[in-house]
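For reference, the structure discussed in these notes is given below.
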Amino acid sequence: MIVTISPSNISGNVYAPASKSSMQRACAAALLSNGETIISNPGKSNDDLAALDVIQKLGAVVSSLDNNKLLIKGSDTKIKSSMNGNEGERVINCGESGLGLRMFAPIAALSDHEIILNGSGSLLQRPMYFFDEIFPQLGISIKSNNGKLPIKIKGPLQPKNISIDGSLSSQFLTGLLMAYAKACTASVSIKVENLKSKPYIDLTLNVLKHFGWHVENRDCKEFFFDPFYNPPLATNTYTVEGDWSSASFLLVAGAIAGNISIEGLDVESAQADKAILKAL
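Heads up: the sequence shown begins at 1 in the numbering used here, then just goes up one per residue.
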């Protein structure tokens with residue numbers, strides 16, 4: 001097939017798609033929060049919908065509001081389970097979302113229920129050996145399928161001083177940061193070596209701060225947590241950021257062939273693809 005592309009000009013106004021990284025982190029934080037969260041501009045991708053399903057199975061209550069908003073009621077003081085299944089055994093499915101699986105695994109492990117983590121598509125073939133290495137150090141029993149899904153875990157997660165290889169998965173580190181912020185009852189830290197995706201950890205820390213948790217960050221090499229700290233009961237509001245990765249194509253097109261306006265992008269965002277602004 002031959003396709004002919006002729007020079008043309010573009011113009012107009014568009015709203016950036018919701019960032020899956022921002023949306024899924026907000027869902028996790030809302031689950032762990034004491035109180036209710038109103039989320040504006042929620043994402044509607046398959047990964048986002050899977051995240052909403054996961055937090056509901058872990059005890060959150062989600063309802064739709066007018067004007068493209070969601071109301072999420074958190075799970076109070078501990079992760080619960082409203083899932084059906086055999087006694088002592090629950091299943092959560094993260095679809096094909098690598099972020100969803102790696103982030104929600106430590107959060108789900110806050111529960112003292114036995115939980116099965118699963119997914120679909122290519123996620124079934126991805127190695128998850130870091131779960132087998134780290135979880136036993138935190139008091140979590142785990143049984144995997146030779147390092148792949150499905151994975152059976154049983155907590156509760158007990159925050160302790162640990163060291164992890166940050167090159168393996170910043171998404172897993174995101175889940176640990178959130179679980180520690182929720183559950184720590186003593187001064188503990190997570191030491192990280194070889195972190196490869198610092199902007200995503202910055203985004204995680206920004207979300208935690210927005211929801212009221214304090215994590216002391218020492219140059220992304222060690223993270224300290226306050227004992228006995230929990231944000232007060234409150235109604236949080238969070239607007240999901242626009243996705244800089246999706247918007248970058250339109251920004252480049254506008255720069256070379258027209259004049260466009262893209263709404264919903266945060267110029268202070270921690271998203272790595274915001275770097276497109278320097279190229280423009």
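Glycine residues also receive a C-beta, built at the ideal position from the N, C-alpha and C atoms.
If we call anything under 7 Å between Cβ atoms a contact, is residue i one with residue j?
i: S141; j: I151; result: no
i: I153; j: I107; result: no
i: G119; j: A51; result: no
i: G175; j: A105; result: yes
i: Y238; j: I72; result: no
i: A186; j: P136; result: no
i: L32; j: K182; result: yes
i: G95; j: S75; result: no
i: E269; j: F224; result: Reading off the sequence shown, one finds Ser at residue 269, where the question assumed Glu. No, they are not a contact pair.
i: T37; j: N230; result: no
i: I92; j: K57; result: yes
i: L65; j: P42; result: no
i: V192; j: L205; result: no
i: D53; j: K20; result: no
Taking 6 Å as the cut-off, is the beta-carbon of residue i closer than that to any non-hydrogen atom of the ligand HEM?
i: G100; result: The ligand HEM is not part of the structure shown, which contains no ligands of any sort.
Going by DSSP, what residue range makes up the alpha helix (DSSP H) through residue i?
i: I260; result: Careful: I260 lies outside any alpha helix (DSSP H), inside the beta strand (DSSP E) at G258 to E263.
i: I276; result: I276 to A279
Sorted by chain position, which residues of the same chain lie with C-beta nearer than 7 Å to residue i's C-beta, five sequence neighbours on each side aside?
i: S11; result: G258, N259 and I260
i: V207; result: R25, A26 and A29
i: L277; result: none
i: L250; result: V14, I260 and I262
i: H210; result: Y238
With a threshold of 6 Å on Cβ separation, who are the neighbours of residue i within its own chain once the five nearest residues in sequence on each side are excluded?
i: L233; result: N34 and G35
i: G139; result: Q158
i: P17; result: D243 and S246
i: D266; result: E241
i: G264; result: Y15, A16 and G242
i: Q274; result: The sequence shown places Lys at residue 274, rather than the Gln named in the question. Excluding positions up to five away in sequence, the list reads W244.
i: S170; result: S197, Y200 and I201
i: V61; result: K73
Can you round the beta-carbon distance between residue i and residue j to whole angstroms, since I take them to be within the 8 Å contact cut?
i: F172; j: R218; result: In fact, because the Cβ distance is near 19 Å, the residues do not count as touching under 8 Å.
i: C220; j: I201; result: 6 Å
i: P199; j: Q271; result: 6 Å
i: M128; j: L149; result: 7 Å
i: G155; j: L123; result: At roughly 22 Å, the Cβ-Cβ gap does not stay under 8 Å, so G155 and L123 are not in contact.
i: L203; j: S45; result: Actually they do not touch by this definition, with Cβ atoms about 17 Å apart.
i: G121; j: D132; result: Not really, about 22 Å apart at Cβ, beyond 8 Å.
Got a sec, what are the start and stop residues for the beta strand (DSSP E) residue i sits in?
i: V14; result: I10 to Y15
i: I116; result: E114 to N118
i: I107; result: No beta strand (DSSP E) holds I107; the alpha helix (DSSP H) holding it covers G98 to A108.
i: N236; result: A234 to T239
i: S64; result: V61 to L65
i: I72; result: K69 to K73
Which same chain residues end up closer than 8 Å to residue i when comparing Cβ atoms and leaving out the 5 residues on each side of it in sequence?
i: E87; result: Only weak support exists for where E87 lies, its pLDDT of 47 falling under 50; the coordinates are left without a value.
i: N194; result: D165, G166 and S167
i: T4; result: none
i: G212; result: S33, P231, P232, A234 and N236
i: S8; result: A257
i: F130; result: I164, D165, L168, S169 and F172
Open item on the list: List, from N- to C-terminal side, the alpha helix (DSSP H) runs of 4 residues or more that fit wholly inside the stretch 127-151.
Closed with: Counting only runs of at least 4 residues, the stretch 127-151 fully encloses the following alpha helix (DSSP H) elements, listed from N- to C-terminal order: 129-134.
- [ ] Could you tell me which uninterrupted alpha helix (DSSP H) segments, each at least 4 residues in length, are contained entirely in the stretch 31-59, listed from first to last along the chain?
- [x] Counting only unbroken stretches of 4 or more residues, the alpha helix (DSSP H) elements lying wholly within the stretch 31-59 are 46-57, in sequence order.
Task: Contained alpha helix (DSSP H) runs [length at least 4] in the stretch 147-227, N- to C-terminal order - done: Positions of the alpha helix (DSSP H) runs, each at least 4 residues long and wholly inside the stretch 147-227, are given as 170-183 and 198-210 in order along the chain.
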